[in-house]
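Asks: Using numbering that gives the first Met the number 0, you'd call the opening residue of the sequence shown number 0 and step up by one each time.
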Amino acid sequence: MDELCKRTSIAMIAALCILFAVSAQALGQQQIQWKDTVEVEWEKAPTSGTIEVLNGRVEKITILKGKGKIKGTHFQFASSGSARIAINLDSIQNNPGPGATLLTVQTGKRPFSFFTRDVSTAFPVYIPIYGVVVLPGKDNRSYTTIKDHIASLKHHTKLGKIQLEPEASFASAEHFVRRQYVPTWLGISRDFRIFQLTESMPGMPREASIITPKYAASNVNLPETKNNASAYLFVTGRGQGVELSTKRWLDDGVLPVLHSVTKDEDVQYHSISFVALEKSSLAEQGPRGTDFLVADNYSHGHMFTKQQEGVLKHKLQKAFDTREETVFYFRSVAENKGSAPVYAWFKTARPGSGWYEQYPYTYDSATGLSTYAPDKVFCISTLNGKPLPNEEIAILLKPGEKAVFEFFLPHTPVSYTRAIALSKQSFDEKWNDCKSFWKAKLKSGAQIHLPEQRIENMLQAGLLHLDLITYGTEPDSTLAPSIGVYSPIGTESAPIIQFYASMGWHDIAKRSLQYFLDKQHDDGMIQNFGGYMVETGAALWSMGEYYRYTNDKAWVEKIKPQLLKSCDFLLAWRNRNKKENLRGKGYGMIDGKVADPEDQFHQFMLNGYAYLGCIRVAEMLAGTDDVQAERIKKEAEAWRADIRESFFNSMAHSPVIPMGNGNWLPTVAPWPEMTGPRALYIKPENFFSHATFTTADALLGPLYLVFCEVLDVNEPASAILLNYHSEMFYQHNVAFSQPYYSRHNWMQVKLGMVKPFLQTYYNAFAALADRETFTFWEHFYHVSVHKTHEEAWFLMETRWMLYMEEGSTLHLLRTIPRNWMEDGKIIELKNVSSYYGPLNVKVNSAVSKGYIEAAVECKTGRGLKSVNIRLPHPDGKKPIKITGGVYNEETETVSIPSFNGTAYVKLEY
């Protein structure tokens with residue numbers, strides 16, 4: 000018994016020791032520091048203020064410099080010079096992670112907050128824009144001493160460093176940013192029968208090339224493939240080896256016709272892929288395309304009301320008319336580039352995306368037909384114009400000899416009779432038909448010619464990429480401006496529609512806007528995708544932008560009831576949030592999520608777009624319905640005031656962060672219920688998504704208030720947002736994950752920040768888009784192909800760089816690269832659309848002869864009073880003679896203050 004008691008006692012002692020060790024470890028991890036002192040010194044004393052503490056308590060406040068009084072946590076100064084207080088704290092938490100002590104110095108002007116754990120002698124919390132410094136207790140250095148010390152270090156912020164570097168270019172970006180390859184989408188525009196071609200590329204290896212027919216974003220499921228997605232594998236060359244040598248490009252550099260060249264030692268395979276109609280010419284007029292609701296149904300993320308579901312059910316019955324298919328046309332020419340005979344290999348399309356997938360089918364060498372059944376042909380194959388002798392083949396080529404392998408693959412299988420008719424078609428005739436079709440589209444809009452061929456090609460290819468998946472029936476139906484695999488969204492379709500308008504495709508833009516009007520809910524809400532609550536305001540904004548381009552008063556009058564319904568929906572929603580407990584924390588602000596993250600808060604982005612949509616509606620109605628225009632404008636301005644109140648309250652209570660130059664800057668939360676940037680984890684959360692911690696703050700956060708005109712781009716708060724975002728949330732001045740959601744690109748253009756803008760511009764597209772086909776991914780990681788939202792913002796970025804309206808002033812070439820003005824280079828904009836009407840600009844650089852000249856034409860007189868055109872000399876020289884305007888040496892800009900429709904400018908050196 001004694002032995003048993005002894006063993007029990009030892010076990011109990013051991014358990015207690017373990018418990019004590021665990022408790023001590025937990026306590027050690029917590030490391031609560033109960034007391035601390037910080038000192039705050041102002042260059043010029045505030046009148047009064049209050050100290051607020053989150054996760055801690057104020058024990059005592061003492062005035063160390065200046066004259067004043069202390070009462071509890073309140074201080075008041077009677078002197079106006081330098082002032083300093085000491086704040087004794089207890090129950091504080093200075094460890095990493097959530098729950099840290101946050102101290103707010105709440106003054107009438109320039110309130111700010113800081114983590115007590117951030118206060119140090121080595122890196123004092125120095126906030127020069129507020130004229131204040133925070134130091135540890137007993138650090139007796141003055142504000143002036145800190146100011147002089149930090150100035151002497153000559154450190155720079157990230158934006159400051161960019162200003163010291165050469166201008167960014169594609170050449171400077173392509174070698175260090177990630178390189179992307181994107182599967183290619185091919186189709187015929189308006190029609191939701193899309194083909195996705197995936198080739199084996201570096202970083203995207205495949206066993207073979209894969210063709211995947213799709214209805215918009217949805218798979219084509221066939222009974223012959225056991226209702227799995229239909230896909231077809233084919234091969235040119237011997238297969239996957241140690242070397243992968245493939246290059247791709249678009250026909251004429253821009254058309255949706257894909258060329259690729261693969262080298263397999265001495266044999267070169269030059270392949271061409273495109274899509275055309277089975278029987279008709281693409282140039283033929285007449286009804287064509289897919290109803291927008293049907294296409295919407297086959298895109299990801301779509302939402303329908305009960306009424307829309309009923310309409311869709313009827314339309315689906317008529318959608319799959321297979322009397323004429325779209326067809327994927329493929330040709331590969333194998334050529335022996337060596338000096339001895341060598342074999343080339345081909346494998347024609349077969350079902351499945353891997354060799355191991357086995358679906359019943361037959362290949363007929365006599366006809367070249369691949370069939371699931373005698374009357375279900377899925378491919379027609381030829382070699383040198385005759386039926387391919389075998390599904391897989393090797394052919395001996397003498398030096399310089401070529402072999403031509405072709406196949407035609409309908410979107411879904413066709414009958415034997417139709418297949419035989421298809422087999423008699425000429426690849427070259429269909430190829431020319433396809434090219435003519437797309438070239439005609441380009442000619443129907445504005446023309447932009449640039450000194451950088453890559454950018455010029457990306458503008459033209461991008462416009463066609465957008466058009467390829469803007470679904471609807473021709474010639475005049477509603478269009479769905481889809482965004483890659485996704486249904487249209489009020490926010491993400493906005494740049495697509497606005498670029499259409501910029502390029503003079505006003506009818507396409509208007510029909511795309513009709514999508515949002517046709518799908519408007521009975522209560523006025525516009526919501527089409529994934530529960531996003533931001534669409535109503537964003538769609539109204541795009542309608543307002545279209546009106547600025549066209550001044551189409553008849554259209555506004557026609558849709559006025561729907562505009563008013565949406566505005567009233569937003570204002571009623573706002574009124575439900577006019578609660579006193581939300582003062583400064585979302586009063587009068589609507590709540591809901593703006594993107595995929597389920598953040599149902601009074602988000603600044605959500606409210607910014609809602610305000611912007613309403614103020615644009617007021618602008619549209621002005622002059623035709625002044626009563627409604629004034630009512631909505633008044634409500635919108637009150638909304639703006641409430642957003643600003645919550646914004647500045649958030650800034651006061653959000654912690655300052657350090658910048659690279661030794662300064663500290665205030666921050667702002669993404670929604671007013673929150674304290675500080677979400678990425679700083681003031682509260683314990685798990686929110687990592689879309690490959691980044693920065694989504695809520697950088698991609699969906701308060702910077703939208705500048706873009707949405709709640710904050711003026713030139714006010715100090717906007718500069719604060721831009722600077723701390725650039726320091727904390729960008730890599731090489733590009734946002735993470737889905738970079739075109741960040742609106743710092745627009746701000747940089749508005750502010751004429753040439754070098755920062757160019758770094759954002761080139762680094763973003765060089766890392767996100769396929770450099771050969773110009774197609775964009777949605778994210779830096781491989782999610783969502785042919786993402787036209789990202790591509791459209793790139794296109795709009797280029798448009799802003801070339802021309803941007805601001806009130807009654809037109810800004811031209813505000814942030815173009817300096818090397819675009821090298822000798823002999825020309826920039827030309829032909830009939831692009833602006834708020835003021837059609838615009839023509841031509842700039843010619845003849846610096847070898849000592850001048851740069853520019854001609855500007857915009858004759859409508861629609862509110863345009865002045866023009867500013869930036870003409871930077873490639874070597875930074877300043878002109879000795881200016882003709883046609885007033886020169887600003889700092890911005891390298893010529894101002895034409897009284898523009899009368901045409902202008903000629905000449906700078907001589």
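Idealized CB from N, CA, C, for every residue including glycine. Note that the structure is a prediction, hence the values are computed from the model and not measured.
What does the Cβ neighbour count give for N139, buried or exposed, with the cut at 16 atoms within 10 Å?
Replies: Counting Cβ neighbours within 10 Å, N139 comes out exposed, since fewer than 16 surround it.
Asks: So what's H788 in DSSP terms, helix, strand or just coil?
Replies: Helix, per DSSP.
Asks: Which term fits A372, buried or exposed, when burial requires 16 or more other beta carbons within 10 angstroms of its beta carbon?
Replies: Under this definition A372 is an exposed residue.
Asks: Could you tell me whether the Cβ atoms of L581 and T535 are closer together than 7 Å?
Replies: Cβ atoms of L581 and T535: not closer than 7 Å.
Asks: Please specify which runs of the alpha helix (DSSP H), each continuous and at least 4 residues long, are wholly inside the segment 271-328, giving them in chain order.
Replies: List check, alpha helix (DSSP H) in window: 291-296, 305-318.
Asks: Tell me the DSSP secondary structure of M203 in three-state form.
Replies: Three-state DSSP puts M203 in a strand.
Asks: Please work out which residues of its chain come closer than 7 Å, Cβ to Cβ, to M203, disregarding the five sequence neighbours upstream and downstream, and give them in chain order.
Replies: Closer than 7 Å at Cβ, skipping near neighbours: Y180.
Asks: Thinking C-beta only, is G585 closer than 7 Å to S511?
Replies: No, these two residues do not count as a Cβ contact at 7 Å.
Asks: Return yes when the Cβ of F113 is within less than 7 Å of the Cβ of V131, no when it is not.
Replies: Result no, Cβ atoms of V131 and F113 do not sit closer than 7 Å.
Asks: I'd like the span of the alpha helix (DSSP H) that includes V124, first residue to last.
Replies: Run containing V124: none in the alpha helix (DSSP H); it sits in the beta strand (DSSP E), 124-126.
Asks: Any idea which residues DSSP pairs C378 with across the strands?
Replies: In the DSSP output, where bridge partners are listed per residue, C378 has S369.
Asks: Of the choices E726, G751, A766, whose alpha-carbon is the least far from that of S736?
Replies: Here the closest residue by C-alpha is A766.
Asks: What are the residues that DSSP puts in a beta bridge with T882?
Replies: Answer is K905.
Asks: Which residues share a DSSP beta bridge with D35?
Replies: The partner list for D35 (beta bridge, DSSP) reads L88.
Asks: Taking 6 Å as the limit between beta carbons, can you name the residues of its chain near V403, skipping five residues before and five after?
Replies: So the qualifying residues of the chain are V332, N383.
Asks: Here's a check: name, in chain order, each residue in its chain whose Cβ is nearer than 8 Å to the Cβ of T120, leaving out the five neighbours to either side.
Replies: Around T120: L134, P135, D138.
Asks: Assuming L421 and F407 make a contact with CB atoms under 8 Å, what is their CB distance in whole Å?
Replies: Going by Cβ atoms, the distance from L421 to F407 rounds to 5 Å, so yes, they are a contact pair.
Asks: Have a look at P596 and E491 and give me their C-alpha separation to the nearest angstrom.
Replies: Rounded to whole angstroms, P596 to E491 spans 16 Å at the Cα level.
Asks: Using the Cβ count rule (16 or more neighbours within 10 Å means buried), how would you classify L870?
Replies: With 16 or more other Cβ atoms within 10 Å, it is buried.
Asks: Please tell me whether I816 and L757 are closer than 7 Å, where the distance is taken between their beta carbons.
Replies: The amino acid at residue 816 is misidentified as Ile; the sequence shows Pro. A contact, by the Cβ cut-off of 7 Å.
Asks: Checking 7 Å against the spacing of the C-beta atoms, do L611 and E708 come in under that value?
Replies: Cβ distance < 7 Å, so L611 and E708 count as in contact.
Asks: Tell me I826's beta-bridge partners as DSSP assigns them.
Replies: Answer by DSSP bridge pairing, in chain order: V842.
Asks: Which residues in the same chain as A791 place their Cβ atom closer than 7 Å to its Cβ, once the five residues preceding and following it in sequence are excluded?
Replies: So the list reads L465, P494, I495, F498, once near-sequence residues are dropped.
Asks: Which same chain residues, not among the five before or five after Q30, have their C-beta less than 6 Å away from its C-beta?
Replies: With a pLDDT of only 44 at Q30, under 50, the local geometry of the prediction cannot be trusted, and the value read off the model is given with reservation. Closer than 6 Å at the Cβ level, and outside the excluded window around Q30, lie N94.
Asks: If distances are taken between C-alpha atoms only, which option among F175, L395, V253, E40 comes closest to F436?
Replies: It is V253 whose Cα lies nearest to the Cα of F436.
Asks: Tell me the DSSP secondary structure of T666 in three-state form.
Replies: Of the three classes helix, strand and coil, the one that applies to T666 here is coil, per DSSP.
Asks: Between N843 and the rest of its own chain, which residues show a CB-CB distance below 6 Å, the 5 nearest in sequence each way excluded?
Replies: Hits under 6 Å: I825, E852.
Asks: Report the option in P701, Q306, V533, Y548 whose CA atom is closest to the CA atom of S565.
Replies: Out of P701, Q306, V533, Y548, V533 has the C-alpha closest to the C-alpha of S565.
Asks: If you run the structure through DSSP and keep just helix, strand and coil, what is K578?
Replies: Correct three-state label for K578: coil.
Asks: Please state whether DSSP places G48 in a helix, a strand or coil.
Replies: G48 falls in the strand class under three-state DSSP.
Asks: Hey, would you say G444 sits closer than 7 Å to W504, going by beta carbons?
Replies: Cβ atoms of G444 and W504: closer than 7 Å.
Asks: Residues in its own chain within less than 6 Å of A23 by CB, not counting five upstream and five downstream?
Replies: At A23, the pLDDT of 35 sits below 50, so the modelled position is not reliable and the matter cannot be decided from this model.
Asks: Assign R453 to one of three DSSP states: helix, strand, or coil.
Replies: R453 falls in the helix class under three-state DSSP.
Asks: Taking Cβ positions, are T245 and Y268 nearer each other than 7 Å?
Replies: Against a cut-off of 7 Å, the Cβ pair of Y268 and T245 comes out as no contact.
Asks: Check each candidate in L396, A282, H520, Y355 and name the one with the smallest Cα separation from S338.
Replies: The candidate whose alpha carbon is nearest that of S338 is L396.
Asks: Can you tell me which of N648, T666, Y703 puts its alpha carbon nearest to the alpha carbon of L605?
Replies: When only C-alpha atoms are compared, the closest one is Y703.
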